Amino acid sequence: MNERSKAEKQIISDMADEMLRLGEGCTEDQIANRFTRAQIKEYGEEARTRANLLSQREAA
-6 MNERSKAEKQ
4 IISDMADEML
14 RLGEGCTEDQ
24 IANRFTRAQI
34 KEYGEEARTR
44 ANLLSQREAA
């Protein structure tokens, strides 16, 4: 995988923050209120991983 650009990393970070704000069980439709379907497809998995890591840190 190629290294993500600064802009891509920001999208991933913002998407992860939105996932955390929406809470466990958030849906793609909810996330699509702030991000395009293409962005969700491209960055969603990385954002989910980041959100999970952040939530584990908050729980610790």
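So in my numbering, spot 38 of the sequence shown is number 31, and the numbers just go up one at a time. All C-beta atoms, glycine included, are put in the ideal place defined by N, C-alpha and C. This structure is a prediction, so every number in the text was calculated from the model and none was measured.
Evaluate Ala40 with the Cβ neighbour count: other Cβ atoms within 10 Å of its Cβ, from every protein chain shown; 16 or more gives buried, anything less gives exposed.
Looking at its Cβ environment, which holds 16 or more other Cβ atoms inside 10 Å, Ala40 is buried.
What residue range does the alpha helix (DSSP H) around Gly37 cover?
Unbroken alpha helix (DSSP H) run through Gly37: 30 to 52.
DSSP state of Glu21 mapped onto helix, strand, coil
Of the three classes helix, strand and coil, the one that applies to Glu21 here is helix, per DSSP.
Between Arg30 and Glu11, which are expected to be in contact by the criterion C-beta below 8 Å, what is the C-beta distance as a whole number of angstroms?
Arg30 to Glu11, Cβ: 14 Å. No contact.
Pop quiz: Leu47 and Leu15 are said to be a contact at Cβ under 8 Å. What is the actual Cβ separation, rounded to whole angstroms?
Not really, about 13 Å apart at Cβ, beyond 8 Å.
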